[in-house]
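Undergrad: Let me give you the structure first, and then I'll get to my questions.
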Amino acid sequence: MARDVAVIGAGMSPFGDLKRTAKSLFAEAFSEALDSVDKGLDPRDIREAYIGNMGFGGGQIGNLAALMTEHARMLHVPTRKVENACASSGYAFRDAYLAVKSGAADVAVAGGVEVMNDVPDVRKRFWLGVSGDTEWERLAGLTFPGVYAMMAVRHMHEYGTTREQMAAVAVKNHANGARNPKAQFRKEVTMEKALASAMVAFPFTLYDCCGTTDGAACAILAAKDIVPRYTDAPVWVLGSGAASDHLAVHDRESMTRLDATIAAAKAAYGQADITASDVDVAEVHDCFTIAEILAAEDLGFAEKGKGGTLAPEGVTAKDGRLPVNPSGGLKAKGHPLGATGAAQVYEIFLQLRGEAGDRQVATPEVGLAHNVGGSGATCAVHVFGR
Amino acid sequence: MASQSGAGIAAAGFYLPRCAIREDEYRRGAGRFAAEGVTEKGVAGFDEDEVTMAVAAGDRLLADVNRAIVDVLAFATSNTVAGGALVAEALGVDPARARDVWGSTDAGETALAGAIDTAAREGTQTLVLAADAPRTDPSTPEEDPLGAAAVALLVTPKGVSWSRGTRPSQSVIRHKVGDVGAASVLLSFLTTIEPAEVTGDVDVAGALKAREYVTYERYLAIRRHRPPPGTEFSQGAYVSLPAYLGEKKARYRLVGERCTECGRVHFPPREACLACGAQSWVDVPLNRTGTVYAYTIIGKGAAPSEFLEQQVAVGEYATAIVELSEGPRVAAMMTDVDPKQVRIGMPVRAVFRRIYAQEGVTRYGFKFTPA
Numbered sequence: 003m004a005r006d007v008a009v010i011g012a013g014m015s016p017f018g019d020l021k022r023t024a025k026s027l028f029a030e031a032f033s034e035a036l037d038s039v040d041k042g043l044d045p046r047d048i049r050e051a052y053i054g055n056m057g058f059g060g061g062q063i064g065n066l067a068a069l070m071t072e073h074a075r076m077l078h079v080p081t082r083k084v085e086n087a088c089a090s091s092g093y094a095f096r097d098a099y100l101a102v103k104s105g106a107a108d109v110a111v112a113g114g115v116e117v118m119n120d121v122p123d124v125r126k127r128f129w130l131g132v133s134g135d136t137e138w139e140r141l142a143g144l145t146f147p148g149v150y151a152m153m154a155v156r157h158m159h160e161y162g163t164t165r166e167q168m169a170a171v172a173v174k175n176h177a178n179g180a181r182n183p184k185a186q187f188r189k190e191v192t193m194e195k196a197l198a199s200a201m202v203a204f205p206f207t208l209y210d211c212c213g214t215t216d217g218a219a220c221a222i223l224a225a226k227d228i229v230p231r232y233t234d235a236p237v238w239v240l241g242s243g244a245a246s247d248h249l250a251v252h253d254r255e256s257m258t259r260l261d262a263t264i265a266a267a268k269a270a271y272g273q274a275d276i277t278a279s280d281v282d283v284a285e286v287h288d289c290f291t292i293a294e295i296l297a298a299e300d301l302g303f304a305e306k307g308k309g310g311t312l313a314p315e316g317v318t319a320k321d322g323r324l325p326v327n328p329s330g331g332l333k334a335k336g337h338p339l340g341a342t343g344a345a346q347v348y349e350i351f352l353q354l355r356g357e358a359g360d361r362q363v364a365t366p367e368v369g370l371a372h373n374v375g376g377s378g379a380t381c382a383v384h385v386f387g388r
Numbered sequence: 006m007a008s009q010s011g012a013g014i015a016a017a018g019f020y021l022p023r024c025a026i027r028e029d030e031y032r033r034g035a036g037r038f039a040a041e042g043v044t045e046k047g048v049a050g051f052d053e054d055e056v057t058m059a060v061a062a063g064d065r066l067l068a069d070v071n072r073a074i075v076d077v078l079a080f081a082t083s084n085t086v087a088g089g090a091l092v093a094e095a096l097g098v099d100p101a102r103a104r105d106v107w108g109s110t111d112a113g114e115t116a117l118a119g120a121i122d123t124a125a126r127e128g129t130q131t132l133v134l135a136a137d138a139p140r141t142d143p144s145t146p147e148e149d150p151l152g153a154a155a156v157a158l159l160v161t162p163k164g165v166s167w168s169r170g171t172r173p174s175q176s177v178i179r180h181k182v183g184d185v186g187a188a189s190v191l192l193s194f195l196t197t198i199e200p201a202e203v204t205g206d207v208d209v210a211g212a213l214k215a216r217e218y219v220t221y222e223r224y225l226a227i228r229r230h231r232p233p234p235g236t237e238f239s240q241g242a243y244v245s246l247p248a249y250l251g252e253k254k255a256r257y258r259l260v261g262e263r264c265t266e267c268g269r270v271h272f273p274p275r276e277a278c279l280a281c282g283a284q285s286w287v288d289v290p291l292n293r294t295g296t297v298y299a300y301t302i303i304g305k306g307a308a309p310s311e312f313l314e315q316q317v318a319v320g321e322y323a324t325a326i327v328e329l330s331e332g333p334r335v336a337a338m339m340t341d342v343d344p345k346q347v348r349i350g351m352p353v354r355a356v357f358r359r360i361y362a363q364e365g366v367t368r369y370g371f372k373f374t375p376a
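Residue numbers (the numbering used here), protein chains in the order written: chain Y, 3 to 388; chain H, 6 to 376.
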């Protein structure tokens with residue numbers, strides 16, 4: 003019964019502080035996805051829609067998915083919101099993949115949307131901490147940067163990782179973001195500026211942290227037997243892995259790895275029958291600079307404890323041996339929570355089809371998208387091939 | 006040497022806040038100091054009040070006394086705060102045994118006199134806790150003489166005698182701590198007790214030497230319990246009161262749970278054992294010490310909304326994951342420490358403090374401070 007599944011189209015709205023509604027952003031992302039289907043697609047062919055969203059701020063909360071799909075010309079489609087914090091649309095993608103793979107739907111949509119800048123600062127402060135453990139971590143006065151900052155402090159303590167190595171991730175991703183016309187931050191940043199900016203949560207300065215972003219992204223998946231109807235350049239889903247972990251970091255055995263990433267990657271690599279060294283381009287969940295370093299280690303791109311060396315040595319640069327976050331990543335492209343996982347799929351779709359413009363990396367065969375919920379309570383990893 | 010022939014004090018403890026301010030510094034900042042005879046006074050921390058200080062004094066006394074012998078816990082304060090049951094919970098005493106005496110500066114004397122009377126007539130053993138911290142407007146002269154302190158006295162049928170009206174000269178202590186309301190007379194009395202006469206700690210002079218002196222600006226910041234304009238936090242972390250209070254033993258007293266199947270100790274409480282999956286527990290009081298496993302400093306302006314008031318008042322703060330000496334780790338705020346001094350491996354101990362207020366209810370719990 004299980005069938006191969008391909009991404010046949012993908013789209014993304016601009017990311018940024020946009021003063022726009024969620025429905026307009028999602029409709030734009032969906033329209034681009036539809037337009038990207040080479041031989042065209044009638045929205046009525048879509049059998050299931052999965053919409054990632056965290057509910058940030060205070061717009062539509064209940065039944066959000068129906069509002070998105072009705073405005074995106076998918077009226078009456080079976081739909082639902084998928085919520086796993088920042089991994090919402092990574093999981094929406096997995097759910098759409100499973101629906102197509104299982105035979106339940108021939109064509110499915112996986113998207114995500116978040117509007118974060120339409121509320122005053124004091125309300126943002128509330129929402130920015132709702133995806134870590136509320137009962138203990140948050141009541142310890144911890145913010146989201148604070149939780150990752152503690153992971154960074156442990157990584158520095160256990161492996162000698164430096165603030166400069168973390169800042170190098172920001173410098174690289176800002177350089178990439180500068181080449182991405184849809185990125186929130188399209189300005190390069192110097193190491194000196196990154197290190198000298200305001201301390202948000204020791205050892206993080208402002209440049210170690212992603213921004214708050216409005217945006218939407220969308221992918222369209224189809225079963226192998228009907229893919230030729232839509233495109234001759236599909237991007238195949240080679241592997242889908244997902245896992246969860248303790249919500250509170252204090253309950254985890256280690257603070258210098260995300261076990262959910264390790265388990266999700268193992269499952270995705272196993273299904274795709276590849277190893278980490280086969281990956282040519284990766285979009286990883288760099289909500290904070292340390293998160294890209296942890297991801298590099300947990301995904302097997304670097305030896306444990308050595309993740310900090312990749313960016314300074316140019317390994318993960320656009321022209322490096324393994325380009326990581328050519329889109330600018332969450333750091334520079336922006337991180338509209340519920341849209342991030344789908345936006346990663348969008349970038350890999352473009353990269354594998356050679357359509358990434360100024361930020362195109364050299365002829366990748368295998369791409370990876372790594373989407374983390376909160377501080378690692380959930381994770382979805384997808385591997386793609388041409 | 007006081008007499009020990011009848012009902013009286015058998016054990017004692019006290020608490021003075023870590024910070025104090027000197028008369029000249031206060032006068033420099035406020036332009037007045039309407040507090041004749043006071044040369045310096047204690048300053049309760051931002052996260053302290055009469056409840057947390059009573060718990061601190063009680064903790065000190067109970068370190069040397071089996072809490073099971075406490076028949077009654079009497080909490081006295083001049084403020085309109087009925088905190089007896091909460092203080093009892095935090096000290097591991099049955100809250101059904103708690104009594105409140107409040108609303109008057111002689112609340113401490115009333116509680117102590119009553120305790121001695123019932124000890125003499127019925128043999129009742131009462132833990133008297135008298136505590137005060139100012140709730141005045143710091144911009145008014147009424148604020149000037151007010152200090153903060155707490156006293157804990159265990160009254161038994163045989164102990165150091167005291168009778169109402171026994172008022173040691175105020176100069177014994179007032180000039181150093183300020184007016185401490187319901188705790189005033191009891192604290193002065195405590196300084197007249199010889200260490201050999203009671204269990205616990207009566208070394209007030211020693212504690213006074215360990216204080217840290219603050220500027221008037223810092224004093225005002227710490228004392229400001231109202232959110233400054235523009236920092237109202239309409240939404241805080243929502244942990245409902247039933248959920249919060251349902252874990253009182255963990256939040257107030259760091260009581261963990263031991264799996265009855267495999268013996269693994271968990272903290273905070275879990276629904277199933279991490280080692281064996283069993284769901285059967287016995288309570289394990291933890292010794293409330295540990296070391297810093299990880300930490301961060303939440304920069305100015307970066308606090309979650311419910312801690313914004315605190316951050317505006319006191320600036321950046323440190324928060325940590327502490328590895329308890331029994332093994333489990335827990336996230337908690339650090340207090341009474343310069344955030345920049347916190348390091349991995351730093352030995353710490355738990356203290357009972359205000360965490361934040363929501364829906365008009367102050368949430369109490371533990372923080373950690375250097376051991």
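The C-beta atom is built at its ideal place from N, Cα and C for all residues, glycine as well.
Since the model is a prediction, treat every value here as computed from it, not as a measurement.
Assuming P247/H is part of the alpha helix (DSSP H), what are its boundary residues?
TA: Reading the second sequence from its first residue, position 242 is the one you call residue 247/H. That run of the alpha helix (DSSP H) goes 246 to 250.
Undergrad: So what does DSSP say about Y243/H, is it helix, strand or coil?
TA: In the second sequence, residue 243/H corresponds to position 238, counting from 1. Coil, per DSSP.
Undergrad: Smallest Cα separation from G378/Y: which of V9/Y, P205/Y, K184/Y, A87/Y?
TA: Residue 378/Y sits at position 376 when you count from the first residue of the first sequence. The shortest C-alpha separation from G378/Y is found at A87/Y.
Undergrad: Give me the Cα-Cα distance between E160/Y and I349/H, rounded to the nearest whole angstrom.
TA: Position 158 of the first sequence, counted from the first residue, corresponds to residue 160/Y. Position 344 of the second sequence, counted from the first residue, corresponds to residue 349/H. The alpha-carbon atoms of E160/Y and I349/H are separated by roughly 11 Å.
Undergrad: Please list the segments of the alpha helix (DSSP H) lying wholly inside the segment 77 to 110 of chain Y, counting only runs of 4 or more residues, in order along the chain.
TA: 90 to 104
Undergrad: Counting contacts by CB-CB distance shorter than 8 Å, is P273/H in contact with chain Y?
TA: Taking the first residue of the second sequence as 1, we reach residue 273/H at position 268. True, the Cβ-Cβ gap to chain Y drops below 8 Å.
Undergrad: Suppose you measure from the CA of G211/H to the CA of V297/H; what does that come to, to the nearest Å?
TA: Within the second sequence, the letter at position 206 stands for residue 211/H. Within the second sequence, the letter at position 292 stands for residue 297/H. Roughly 28 Å between the two C-alpha positions.
Undergrad: So that I know if they touch, is there some Cβ in chain Y lying closer than 8 Å to that of V244/H?
TA: Here residue 244/H is taken as the residue at index 239 of the second sequence, counted from 1. Output row for V244/H: interface = yes.
Undergrad: Please specify which runs of the beta strand (DSSP E), each continuous and at least 3 residues long, are wholly inside the segment 346 to 370 of chain H, giving them in chain order.
TA: 352 to 363
Undergrad: Where does the unbroken alpha helix (DSSP H) through E160/Y begin, and where does it stop?
TA: Taking the first sequence and counting its residues from 1, the one referred to as residue 160/Y is at position 158. Start and end: 146 to 161.
Undergrad: With a 10 Å radius around its C-beta and 16 neighbouring C-beta atoms as the bar for buried, classify V377/H as buried or exposed.
TA: Nothing can be reported for residue 377/H: it is not among the residues displayed for chain H, which extend from 6 to 376.
Undergrad: Specify the secondary structure class of A376/H as computed by DSSP and reduced to three states.
TA: Along the second sequence, one-based indexing puts residue 376/H at 371. Note: A376/H maps to coil in three-state DSSP.
Undergrad: Report the rounded CA-to-CA distance for T236/H versus A325/H, giving the unit in angstroms.
TA: Residue mapping note: residue 236/H aligns to position 231 of the second sequence, counting from 1. Residue mapping note: residue 325/H aligns to position 320 of the second sequence, counting from 1. The predicted model places T236/H with a pLDDT of 49, which falls under 50 and marks its position as unreliable, so this point remains unresolved.
Undergrad: Quick check on N178/Y: does DSSP put it in helix, strand or coil?
TA: Locating residue 178/Y in the first sequence gives position 176, counting from the first residue. In the structure shown, N178/Y sits in a helix (DSSP, three-state: H, G or I).
Undergrad: For chain H, is any of its Cβ atoms less than 8 Å away from the one on L141/Y?
TA: The residue given as residue 141/Y occupies position 139 in the first sequence. True, the Cβ-Cβ gap to chain H drops below 8 Å.
Undergrad: Determine, using beta-carbon pairs with one atom in the segment 215 to 226 of chain H and one in the segment 32 to 39 of chain H, whether at least three such pairs fall under 8 Å.
TA: yes
Undergrad: Between S330/H and chain Y, is the shortest Cβ-Cβ distance under 8 Å, so that the two count as touching?
TA: As a first step, residue 330/H is located in the second sequence; it is residue number 325 there, counting from the start. By this cut-off, S330/H is not an interface position.
Undergrad: Leaving aside the five residues before and after R229/H along the sequence, list all residues of the same chain whose C-beta is less than 6 Å from its C-beta, in chain order.
TA: Taking the first residue of the second sequence as 1, we reach residue 229/H at position 224. For R229/H, where only same-chain residues beyond five positions count, the Cβ hits under 6 Å are A318.
Undergrad: To which residues of the same chain is T214/Y closer than 7 Å at the C-beta, ignoring the five residues directly before and after it?
TA: Along the first sequence, one-based indexing puts residue 214/Y at 212. The beta carbon of T214/Y is closer than 7 Å to those of M118, N119, K126 in its chain, skipping five residues each way along the sequence.
Undergrad: In the DSSP assignment, the beta strand (DSSP E) including I303/H goes from what residue to what residue?
TA: Within the second sequence, the letter at position 298 stands for residue 303/H. Run containing I303/H: 294 to 303, per the beta strand (DSSP E) assignment.
Undergrad: Within the 8 Å Cβ cut-off, does L144/Y reach chain H?
TA: Working through the first sequence from its first residue, we reach residue 144/Y at position 142. Cβ-Cβ to chain H under 8 Å: yes for L144/Y.
Undergrad: For L195/H, which residues of its own chain have a beta-carbon under 7 Å away from its beta-carbon, when the five flanking residues on both sides are left out?
TA: By one-based count along the second sequence, residue 195/H stands at place 190. The answer, listed in chain order, is A17, F19, V156, V207, V209.
Undergrad: Below 8 Å between beta carbons: does that hold for Q167/Y and T311/Y?
TA: For the purposes of this step, residue 167/Y is taken as the residue at position 165 of the first sequence. For the purposes of this step, residue 311/Y is taken as the residue at position 309 of the first sequence. Yes, Cβ-Cβ distance for Q167/Y and T311/Y is below 8 Å.
Undergrad: Is G89/H closer than 8 Å to D64/H when the C-beta atoms are compared?
TA: Taking the first residue of the second sequence as 1, we reach residue 64/H at position 59. Taking the first residue of the second sequence as 1, we reach residue 89/H at position 84. No, they are not a contact pair.
Undergrad: According to DSSP, what are the bridge partners of M14/Y?
TA: The sequence position of residue 14/Y within the first sequence is 12, counting from 1. Answer is A219/Y.
Undergrad: Between the Cα of A12/Y and the Cα atoms of F204/Y, D97/Y, L223/Y, A371/Y, which residue gives the shortest distance?
TA: Taking the first sequence and counting its residues from 1, one reaches residue 12/Y at position 10. Residue L223/Y is the option with its Cα nearest to A12/Y.
Undergrad: Tell me the residue span of the alpha helix (DSSP H) that contains R126/H.
TA: In the second sequence, the residue the question calls residue 126/H occupies position 121. Run containing R126/H: 112 to 127, per the alpha helix (DSSP H) assignment.
Undergrad: Name, please, each residue of chain Y whose Cβ falls closer than 7 Å to the Cβ of R334/H.
TA: Looking up residue 334/H in the second sequence gives position 329. Under the 7 Å cutoff, chain Y gives H252.
Undergrad: Would you call the segment 52 to 65 of chain Y in contact with the segment 333 to 342 of chain Y, where contact means no fewer than 3 C-beta pairs closer than 8 Å?
TA: yes
Undergrad: At a Cβ threshold of 8 Å, is R1/Y touching chain H?
TA: An answer regarding residue 1/Y cannot be provided, because it is not within the stretch 3 to 388 covered by chain Y.
Undergrad: My parser needs the beta strand (DSSP E) runs of 3 or more residues fully inside the segment 128 to 170 of chain H; what are they?
TA: 131 to 137, 154 to 161
Undergrad: Could you give the first and the last residue of the continuous alpha helix (DSSP H) run that contains W129/Y?
TA: Position 127 of the first sequence holds residue 129/Y. Segment 123 to 129, the alpha helix (DSSP H) holding W129/Y.
Undergrad: If we require 4 or more residues per run, which alpha helix (DSSP H) segments fall completely within the segment 230 to 301 of chain Y?
TA: 261 to 274, 291 to 300
Undergrad: Touching or not, the segment 37 to 51 of chain Y and the segment 79 to 86 of chain Y, by the rule of three or more beta carbon pairs under 8 Å?
TA: yes
Undergrad: If I measure Cβ to Cβ from A118/H and keep anything under 6 Å in the same chain, skipping five residues before and after, which residues do I get?
TA: Indexing the second sequence from 1 puts residue 118/H at position 113. For A118/H, where only same-chain residues beyond five positions count, the Cβ hits under 6 Å are R169.
Undergrad: In or out: D29/H buried (at least 16 other Cβ within 10 Å) or exposed?
TA: Here residue 29/H refers to the residue found at position 24 of the second sequence. Exposed.
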